Amino acid sequence: MLLTTPSLVALLSTLQLISARGKPIDIFNQGGKGDILQLRVSDKQGDKRMYNALRKNSNLKWKGDGETYVIPYIITGEYAEAMKRIHQNTCIRFKRRTTERDFIDIQNQRGEGCYTSVGRVGGRETLMLESNSYATCMETEIVLHELMHVIGLWHEHMRYDRDAYINVIWKNIPRQYWSQFEKISSRESTTYDIPYDYKSVMHYGKNAFAYPGKISMETKNPKFQNIIGKAKDASPSDYRKICAIYGCKSCMSGKVDPEEDNTTDEDYEDNGVPDVSIVKPKDCVDVMGFCGVMVSMGMVDCNTYGKRVCCATCSKHTGKPTNPFGGLTSTNPFGGLTSTNPFDGFPSTDTFGGFPSFFRRW
């Protein structure tokens, strides 16, 4: 049943998701690209940055009648679960797009990763959720994270009061990614007096955008060091911010209960959020859809480790590599290398920050 209130609208247009999915994409480490389009293309957006949560009078808020902001939908899978949790705990609703001018277009394109914009930017707004046999964004916590960007939340670590809770280790972060760790003054952003939340689904992981084997953030409270970036659900504070932005009359009326949020460090493994993993092919094949372009532009060195991810294309240029994957069972062409990544220990990264050295400089 379609509701008649002005709506936050989702065009659920690309739903051909492959059932045999790869491991979850690490949304904080995607080849040096974050999951917020405003940071990727801030020059085109007029640098309209929102550093934690939109203000109540922001023109990036989605429209509604003051009580509900609706997106009805018919869909299954992780989309449904993430949307259901938002429905249960806020006044946001999802619906299929009909003729509305402003809507989100949920897409699945190989090699694109997970990203969207913060708030309602106007017109068609892309929500990219890649899902295939090599890598996927289709995990409930990832979909929740991206949908909350769409609704109006920024990353938790960009709060103006974050220095009381975390240390950003700048020396471990390539300079070109420092913008991912900017904070903004209280004159330009708001936290709605909601305390800093290490357990927020919007918090970066400890090694986001860091050099291989390094961490980019250190929590002031050590027990949360291995918790940040690992949330499997939105926290009460995430929902409270959404309710504050939209003035929801009912908030967290569903299954999320602040009194039941007793997660501790022991509830998490110590190896970080899983990186993008690529299934080892039986034959010499490309595991990235853009190998042809990258090899032709000289961005991939087929004489070294480039042939591990672009075997088929490289074989046309350097012969036919034999078993190029060696003993490896996974690779991470999207970057964001960590100690759990099989590329760890390979030659140093270059200007792409997070890509191994087989990706040449421009």
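Per mature numbering (1 follows the signal peptide of the UniProt record, and there is no 0): the sequence shown = residues -22 to -1, 1 to 340. Note that the Cβ used here is the ideal one computed from N, Cα and C, for glycine as well. Since we're looking at a predicted model, the values are computed, not measured.
Which of helix, strand or coil does DSSP assign to residue 347? Residue 347 is absent from the model: the chain starts at -22 and stops at 340.
Meets three-Cβ-pair contact criterion under 8 Å: the segment 207 to 222 and the segment 61 to 70: Touching, yes.
Where Met126 falls: helix, strand or coil (DSSP): Within the sequence shown, numbered from 1, the residue matching residue 126 stands at position 148. Here Met126 sits in helix by DSSP.
Coil, strand or helix - Thr307 by DSSP: Taking the first residue of the sequence shown as position 1, residue 307 is located at position 329. Bear in mind that the predicted position of Thr307 carries a pLDDT of just 34, short of 50, making it unreliable; the figure below should be weighed with that in mind. Look at Thr307 here: in three-state DSSP terms it is coil, with no helix or strand label.
Does the beta-carbon of Lys227 have 16 or more other beta-carbons within 10 angstroms, so that it is buried, or is it exposed? Here residue 227 is taken as the residue at index 249 of the sequence shown, counted from 1. An exposed status is given to Lys227, since fewer than 16 other beta-carbon atoms sit within 10 Å of its beta-carbon.
State the DSSP-derived secondary structure class of Asn145, mapped to helix, strand or coil. Working through the sequence shown from its first residue, we reach residue 145 at position 167. Reduced to three states, the DSSP call for Asn145 is strand.
When the Cα of Lys39 is compared with those of Ser215, Arg74, Met126 and Glu160, which residue comes out closest? To locate residue 39, count along the sequence shown from 1; it is residue 61. The option with the nearest alpha carbon to Lys39 is Met126.
List, from N- to C-terminal side, the beta strand (DSSP E) runs of 3 residues or more that fit wholly inside the segment 36 to 106. The qualifying runs are 81 to 85.
Please go through the same chain and pick out, in chain order, the residues whose beta-carbon is closer than 7 Å to the beta-carbon of Arg33, but skip the five residues on each side of it. Looking up residue 33 in the sequence shown gives position 55. Non-local beta-carbon contacts of Arg33 in its own chain, meaning distances under 7 Å to residues more than five positions away in sequence, involve Thr168 in chain order.
For Asn150, which residues of its own chain have a beta-carbon under 6 Å away from its beta-carbon, when the five flanking residues on both sides are left out? Here residue 150 corresponds to residue number 172 of the sequence shown, with the count starting at 1. Taking Asn150 as the centre and dropping the five residues before and after it, the same chain places the C-beta of Ala188, Tyr189, Lys192 and Ser194 closer than 6 Å to its C-beta, in chain order.
Pairwise C-alpha distance: Glu196 and Asn145: As a first step, residue 145 must be located in the sequence shown, where it is residue number 167. As a first step, residue 196 must be located in the sequence shown, where it is residue number 218. The straight-line gap from Cα to Cα measures roughly 5 Å.
Candidates Ile64, Cys115, Ile84 and Arg79: which alpha carbon is nearest Ser231's? By 1-based counting over the sequence shown, the position of residue 231 is 253. Per the Cα distances, Ile64.
Determine whether the beta carbon atoms of Tyr176 and Ile206 lie at a separation below 7 Å. Position 198 of the sequence shown, counted from the first residue, corresponds to residue 176. Position 228 of the sequence shown, counted from the first residue, corresponds to residue 206. Pairing Tyr176 with Ile206 gives a Cβ-Cβ distance under 7 Å.
Where do the ends of the beta strand (DSSP E) carrying Met195 lie? Residue numbering aside, residue 195 sits at position 217 when the sequence shown is read from its first letter. Per DSSP, the unbroken beta strand (DSSP E) holding Met195 starts and ends at Met195 to Thr197.
Between the CA atoms of Asp171 and Asn199 - distance to the nearest angstrom: Translated into positions along the sequence shown, residue 199 becomes position 221. Translated into positions along the sequence shown, residue 171 becomes position 193. Cα to Cα, Asn199 sits roughly 20 Å from Asp171.
Could you check what DSSP says for Ala113 in three-state terms: helix, strand or coil? For the purposes of this step, residue 113 is taken as residue 135 along the sequence shown, with counting starting at 1. Of the three classes helix, strand and coil, the one that applies to Ala113 here is strand, per DSSP.
I'd like the ranges of any alpha helix (DSSP H) spanning at least 4 consecutive residues and lying wholly in the segment 153 to 232. Whole alpha helix (DSSP H) segments, 4+ residues: 214 to 224.
Close Cβ partners of Met61 (< 6 Å) along its chain, the five nearest in sequence each way excluded: By one-based count along the sequence shown, residue 61 stands at place 83. Taking Met61 as the centre and dropping the five residues before and after it, the same chain places the C-beta of Phe72 closer than 6 Å to its C-beta, in chain order.
How many Å lie between Gln141 and Lys184 at the Cα? Position 163 of the sequence shown, counted from the first residue, corresponds to residue 141. Position 206 of the sequence shown, counted from the first residue, corresponds to residue 184. Per the sequence shown, the amino acid found at residue 141 is Asp instead of Gln. Between Asp141 and Lys184, the alpha-carbon positions lie close to 15 Å from each other.
Buried/exposed call for Trp148, threshold 16 Cβ in 10 Å: On the sequence shown, residue 148 is found 170 positions in, with the first residue counted as 1. Under this definition Trp148 is an exposed residue.
Within 10 angstroms of its Cβ, does Ser326 collect 16 or more other Cβ (buried), or is it exposed? Taking the sequence shown and counting its residues from 1, one reaches residue 326 at position 348. At Ser326 the pLDDT is 30, less than 50, meaning the model places this residue with poor confidence and gives no usable figure here.
Sub-7 Å separation of Ile82 and Val128 beta-carbons: Position 104 of the sequence shown, counted from the first residue, corresponds to residue 82. Position 150 of the sequence shown, counted from the first residue, corresponds to residue 128. In terms of Cβ geometry, Ile82 and Val128 form a close pair [threshold 7 Å].
How many whole angstroms separate the CB atoms of Met180 and Glu160, which I take to be in contact at a CB cut-off of 8 Å? Along the sequence shown, read from residue 1 onward, the residue named residue 180 stands at position 202. Along the sequence shown, read from residue 1 onward, the residue named residue 160 stands at position 182. Not confirmed; about 15 Å, so no contact.
Would you tell me roughly how many angstroms separate the C-alpha atoms of Thr291 and Lys201, rounded to the nearest one? In the sequence shown, residue 291 corresponds to position 313, counting from 1. In the sequence shown, residue 201 corresponds to position 223, counting from 1. Each residue's Cα considered, the two are about 46 Å apart.
Where Asn37 and Ile120 are concerned, what is the direct C-alpha to C-alpha distance, given to the nearest angstrom? As a working mapping, residue 37 is identified with position 59 in the sequence shown. As a working mapping, residue 120 is identified with position 142 in the sequence shown. Our two residues, Asn37 and Ile120, have alpha carbons roughly 26 Å apart in a direct line.
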